Amino acid sequence: MKLIDGKAVAAQIKKEIAEEVTHIKAAGGKTPHLAAVLVGHDGGSETYVANKVKSCEEVGFNSTLIRYEDDVTEEELLACVDRLNNDKDIDGFIVQLPLPKHISETKVTEAIDFHKDVDGFHPVNVGRMSLGMPCFLSATPSGIVELLKRYKIETKGKHCVVLGRSNIVGKPVSMLMVQKAYPGDCTVTVCHSRTPNIKEITLQADIIIAALGVPEFLKGDMVKEGAVVIDVGTTRVPSDKTKSGFKLTGDVLFEEVAPKCSYITPVPGGVGPMTIVSLLKNTLLAGKKEIYG
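Following this line, the structure appears as structure tokens:
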């Protein structure tokens with residue numbers, strides 16, 4: 059069993075990005091600039107956005123954080139999106155999800171100029187991804203694919219089972235794994251809360267990508283020997299063993315599943331660090347105008 063070290067891979071990619079930014083600056087080019095909009099004080103979102111700002115500093119990007127309270131109106135938020143769309147200095151920006159109930163996430167996502175949509179959630183980027191065209195890939199699926207590539211894990215002709223059908227992970231990663239590309243060329247099965255006999259399906263899988271948000275859903279008896287398991291789950295579960303009173307728990311019951319795997323990602327330290335790095339990669343591409351001239 060080999061542990062897929064997302065932290066180490068992310069550190070390596072940050073180094074590569076930082077080197078490229080140094081060259082851009084030395085040649086008199088523009089410093090890539092990422093903006094993040096954060097609404098309210100959701101614990102997970104706060105941590106995630108703080109990490110994004112810190113990561114921007116590490117690779118030499120400029121970053122801007124725009125904060126609103128929970129009671130911000132949809133109109134105010136859409137006006138902010140419009141300003142960022144038209145700000146020539148900002149190459150890419152994200153509006154951190156989830157948003158408060160009174161704001162339509164769909165409306166906000168669609169309002170973002172897809173040329174600056176470094177989260178890869180805009181329908182234009184999602185559509186281009188499904189067609190295998192150049193686009194901003196959504197961060198978590200892009201991070202998963204990058205891990206498979208960096209660990210040289212064979213995907214061609216393999217049966218990949220994706221657990222979960224969210225627009226943020228399940229659907230896009232299933233599309234990437236089916237593309238005529240490496241990593242890709244898989245036979246993909248997507249399972250979700252309405253799928254009967256999930257265990258029968260996961261037992262046939264060469265690669266399992268677990269993105270359900272159900273702690274320790276995937277048990278040892280659901281995985282065949284030699285499978286590759288990518289755990290995307292990050293649920294805060296109460297714990298008396300940590301200072302904070304909770305621990306991050308994946309969708310995979312690690313102790314049972316790991317011994318059967320050829321490769322597995324831990325939680326934390328697997329897919330998580332890759333998500334932020336994918337966002338940085340998209341921002342660099344946006345700054346260089348590589349996807350949309």
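For the sequence shown, this note's numbering gives the first residue as 59, with consecutive numbering after it.
Ideal Cβ positions, reconstructed from N, Cα and C, are used throughout, including at glycine.
Just so we're clear, the structure is a prediction, and the values are computed from it rather than from any experiment.
Burial state of residue i, where buried means 16 or more other Cβ atoms lie within 10 Å
i      : result
Ala94  : buried
His180 : buried
Asp175 : buried
Asp279 : exposed
Asn225 : exposed
Ala285 : buried
Lys159 : exposed
Pro296 : exposed
Glu255 : Looking at the sequence shown, residue 255 is not Glu but Asn. It is exposed - the Cβ of Asn255 has fewer than 16 other Cβ atoms within 10 Å.
Gly351 : exposed
Gly330 : buried
Lys216 : buried
Pick from the options that is closest to residue i, judged by C-alpha positions
i      : options                           : result
Ser200 : Ile71, Met59 and Glu313           : Ile71
Leu123 : Gly228, Ser103, Asp129 and Thr131 : Ser103
Tyr321 : Ser251, Ile211, Tyr126 and Val139 : Ile211
Asp309 : Lys347, Val231, Phe275 and His99  : Phe275
Val325 : Gly291, Gly98 and Gly271          : Gly291
Ile334 : Ala85, Val184, Thr105 and Glu283  : Thr105
Met355 : Glu78, Ala137 and Lys110          : The question about residue 355 has no answer here: the residues shown for the chain are numbered 59 through 351.
Ala69  : Arg294, Leu205, Lys165 and Pro296 : Leu205
Thr186 : Pro230, Val139 and Leu338         : Reading the sequence as shown, one finds Arg at residue 186 and not Thr. Looking at the Cα atoms, Pro230 is the closest of the given residues.
Lys339 : Asp149, Arg294 and Pro317         : Asp149
Gly345 : Gly87, Ser302, Leu261 and Ser251  : Gly87
Lys347 : Arg294, Lys146 and Ala239         : Lys146
6 Å Cβ shell around residue i - same chain, five flanking residues per side excluded
i      : result
Cys114 : Leu92 and Ser121
Leu234 : Pro199 and Val203
Asn143 : Asp171
Ile288 : Ile202, Ile267 and Thr323
Glu132 : Ile161
Lys214 : Asp243
Gly228 : Val220, Gly222 and Ala269
Lys60  : Tyr321
Beta carbon of residue i nearer than 7 Å to that of residue j
i      : j      : result
Pro273 : Thr300 : no
Ala263 : Gly222 : no
Arg141 : Leu96  : no
Ile75  : Leu343 : no
Leu311 : Lys277 : yes
Arg208 : Val67  : yes
Gly178 : Leu189 : no
Val184 : Val220 : no
Val315 : Val281 : yes
Gly327 : Lys65  : yes
Gly98  : Asp128 : yes
Lys318 : Glu283 : yes
Presumed contact (8 Å Cβ cut-off) between residue i and residue j, rounded CB distance
i      : j      : result
Ile82  : Pro192 : Not confirmed; about 20 Å, so no contact.
Ile265 : Cys244 : 7 Å
Val153 : Val139 : 7 Å
Leu136 : Val166 : 7 Å
Leu337 : Ala169 : Actually they do not touch by this definition, with Cβ atoms about 19 Å apart.
Contact set for residue i: own chain, Cβ-Cβ below 8 Å, skip 5 residues either direction
i      : result
Glu163 : Leu155, Pro156 and Leu157
Val79  : Thr89, Pro90, Val117, Gly118, Phe119 and Leu342
Ile259 : Val219, Thr247, Cys249 and Thr253
Gly303 : Pro296 and Ser297
Leu261 : Met280, Val281 and Lys282
Tyr240 : Lys207, Thr213 and Lys214
Residues near residue i in its chain [Cβ-Cβ closer than 7 Å; skip 5 each side]
i      : result
Val182 : Phe172
Ile62  : Leu205, Tyr209, Tyr321, Ile322, Thr323 and Gly328
Tyr232 : The displayed chain sequence assigns Ser, not Tyr, to residue 232. Contacts found: Val220, Val246 and Val248.
Thr293 : Gly271, Pro273 and Thr307
is_contact[residue i, chain C] using C-beta, thresh 7 Å
i      : result
Asp129 : Here chain C cannot be found, since the structure has a single protein chain.
Cβ-heavy atom distance, residue i to the ligand ZN, below 6 Å
i      : result
Glu134 : Because no ligand of any kind appears in the structure shown, any question about the ligand ZN cannot be addressed here.
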